[in-house]
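Only one structure is covered here, and it is reproduced in the block below.
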Amino acid sequence: MTVRNRVFRTLMLGAAACAVFTFFAAAPSLAQDGEEARTEFDESLVPDSGKTVKDFVPAGWKIEEDVKGDLNQDGVIDHALKLIEIDPDPKKDEMVDLGRALVIVFGGNDGLRKAAVAGKILQCTACGGAFYGAMPAPANVSIAKGVLTVMNDHGSRWVTEVTYKFRYDEQPGMFILIGFDYVSRDRAEGSVTSESTNYLTGKRITTTGKGKKTKVTNSVVSKEKFEIGSVDTEEWESQATTRLGLD
């Protein structure tokens, strides 16, 4: 079961628990959307350079947020453009599943240039499950001390949060994953299952349980390098879910 389909399953369970008729009416269409293929972002439509950030936005998409910061430590402001599909019918009174993509643009004295594109790291607007209900699920992007952080969360009683941290590596000129955190919380019982992986040190910390029954395990992982464009959040979350025995 894919992460997206699992999200929609939890959405249905949350609706049953709340017993809200209007939510039941919307749930079938949401479940159907969950079975549809995810929108594929065409990286080839993003130019290598431009004068403004709008030049890096393909037709059919718009800038949801322009996150600014110095990502390559050259003292010039760079841009992490969170793109979202344009709603074809914004007046329609129902949840619409809109895809997202992340385009990273370096600033410079001679204009802007494309640094990276990640078409599968940001969750869709309908991927939030019952935790967000009829509200669009967010996909959070931030920049601090040269580190680019992406966070997605969704669920119902069990809320899953995944966080990725990237740093620009001049050799080979890519944004490389340096950290991955997965957290699953049972909001009713208060128990937490999580893993935190540091790809710079090759160490992973796994935590299960709650209170005095909390168990912490340390393990070693390969110091493998993952470029931001290769990270598919659905696959990464699914793999972590399996490792932790939560699927």
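Following the numbering used here, the numbering of the sequence shown begins with 45 at its first residue and continues without gaps.
Cβ coordinates follow ideal geometry from the N, Cα and C atoms, glycine included.
Considering only their Cβ atoms, is the gap separating residue j from residue i smaller than 8 Å?
i	j	result
residue 146	residue 130	no
residue 221	residue 272	yes
residue 200	residue 174	yes
residue 113	residue 107	no
residue 288	residue 233	no
residue 178	residue 198	no
residue 155	residue 217	no
residue 219	residue 163	no
residue 158	residue 90	yes
residue 115	residue 187	yes
Relative to the C-alpha of residue i, which residue among the options is closest?
i	options	result
residue 204	211, 212 and 195	195
residue 142	119, 123 and 172	172
residue 242	235, 230, 231 and 226	226
residue 223	118, 280, 97 and 140	280
residue 212	168, 134 and 192	192
residue 138	158, 170 and 215	170
residue 266	83, 248, 167 and 290	248
residue 282	228, 135 and 99	228
residue 269	291, 215 and 132	215
Would you kindly report the start and end of the unbroken alpha helix (DSSP H) that includes residue i?
i	result
residue 278	277-287
Could you check how far apart the C-beta atoms of residue i and residue j are, in whole angstroms? I think they sit under 8 Å.
i	j	result
residue 87	residue 185	The pair is not a contact, with the Cβ atoms about 18 Å apart (cut-off 8 Å).
residue 209	residue 236	In fact, because the Cβ distance is near 20 Å, the residues do not count as touching under 8 Å.
residue 110	residue 127	Not quite, the Cβ-Cβ distance comes to about 10 Å (not below 8 Å), so this is no contact.
residue 245	residue 263	Between residue 263 and residue 245 the Cβ distance is about 12 Å, and since that is not below 8 Å, they are no contact.
residue 277	residue 206	6 Å
residue 123	residue 151	7 Å
Could you spell out the range, first to last residue, of the beta strand (DSSP E) harbouring residue i?
i	result
residue 262	259-264
residue 161	156-162
residue 19	A question about residue 19 goes unanswered here, because the residues of the chain that appear run from 45 up to 291.
residue 170	Neither: residue 170 is in no beta strand (DSSP E) and is coded neither H nor E.
residue 239	236-242
residue 186	184-188
Go through the segment 79-115 residue by residue and report every complete run of the beta strand (DSSP E) that reaches 3 residues or more, in order. 105-113
Could you tell me which whole beta strand (DSSP E) segments of length 3 or greater appear in the segment 194-226? 202-213
Within the segment 122-155, note down every full alpha helix (DSSP H) run reaching 4 residues or more, in order along the chain. none
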